[in-house]
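Residue numbers (the working numbering): 192 to 313.
Ideal Cβ placement from N, Cα and C applies to all residues, glycine included.
Working notes, beginning with the structure itself.
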């Protein structure tokens with residue numbers, strides 16, 4: 192039995208809603224950097240607290256890497272860690288779960304239970 196490899200992408204609820212209407216997810220970073228940023232499970236909170244401070248109405252996309260049609264490359268980001276980058280628009284059928292990503296009362300993001308359970312499985 193093979194285990195599904197999941198990566199995550201944080202986005203605004205409205206952008207995800209638009210992707211569902213268009214049947215494809217196209218993030219502005221595709222135009223500026225050539226890829227869509229994603230995170231491995233243990234990188235989600237660090238990414239959120241670094242790049243999404245004070246954002247509201249966020250969701251986390253759970254992405255099955257085996258279903259992504261675009262190329263995924265694991266590359267070093269600004270920190271010395273490998274991050275998954277999706278080199279093309281994301282076909283929405285690769286997204287198997289979407290959860291709300293609420294900031295804590297203290298202004299900090301915390302790892303949602305659904306993601307911590309995935310980390311525990313590895």
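Which two residues bound the contiguous beta strand (DSSP E) that contains residue i?
| i | result |
| --- | --- |
| residue 255 | 249-255 |
| residue 276 | 273-278 |
| residue 286 | 286-292 |
| residue 283 | Per DSSP, residue 283 belongs to no beta strand (DSSP E) and is neither H nor E. |
| residue 266 | 262-267 |
Under 8 Å by Cβ, that's how I've got residue i and residue j pegged, so tell me the actual separation to the nearest angstrom.
| i | j | result |
| --- | --- | --- |
| residue 300 | residue 228 | At roughly 16 Å, the Cβ-Cβ gap does not stay under 8 Å, so residue 300 and residue 228 are not in contact. |
| residue 277 | residue 263 | 6 Å |
| residue 285 | residue 258 | 4 Å |
| residue 196 | residue 238 | Not a contact, Cβ separation roughly 18 Å. |
| residue 272 | residue 211 | Not a contact, Cβ separation roughly 30 Å. |
Is it buried or exposed, residue i, if we count other Cβ atoms within 10 angstroms and call 16 or more buried?
| i | result |
| --- | --- |
| residue 293 | exposed |
| residue 213 | exposed |
| residue 305 | exposed |
| residue 253 | buried |
| residue 310 | exposed |
| residue 216 | buried |
| residue 205 | exposed |
| residue 242 | exposed |
| residue 218 | buried |
Identify the continuous alpha helix (DSSP H) that holds residue i and give its terminal residues.
| i | result |
| --- | --- |
| residue 243 | That residue, residue 243, is in no alpha helix (DSSP H); it is neither H nor E in DSSP. |
| residue 206 | 204-213 |
| residue 222 | 220-223 |
Excluding sequence positions up to five away, which residues of its chain have a Cβ less than 8 Å from the Cβ of residue i?
| i | result |
| --- | --- |
| residue 193 | Model confidence at residue 193 stands at a pLDDT of 48, short of 50, so the residue's coordinates are unreliable; what they give is reported in the following sentence. Nothing meets the Cβ criterion. |
Excluding the five sequence neighbours on either side, which residues of its own chain have a C-beta within less than 7 Å of the C-beta of residue i, listed in chain order?
| i | result |
| --- | --- |
| residue 220 | 226, 227, 228 |
Less than 6 Å between C-beta atoms, sequence neighbours within five positions excluded: which residues of the same chain meet that for residue i?
| i | result |
| --- | --- |
| residue 251 | 199, 201, 290, 292 |
| residue 282 | 260 |
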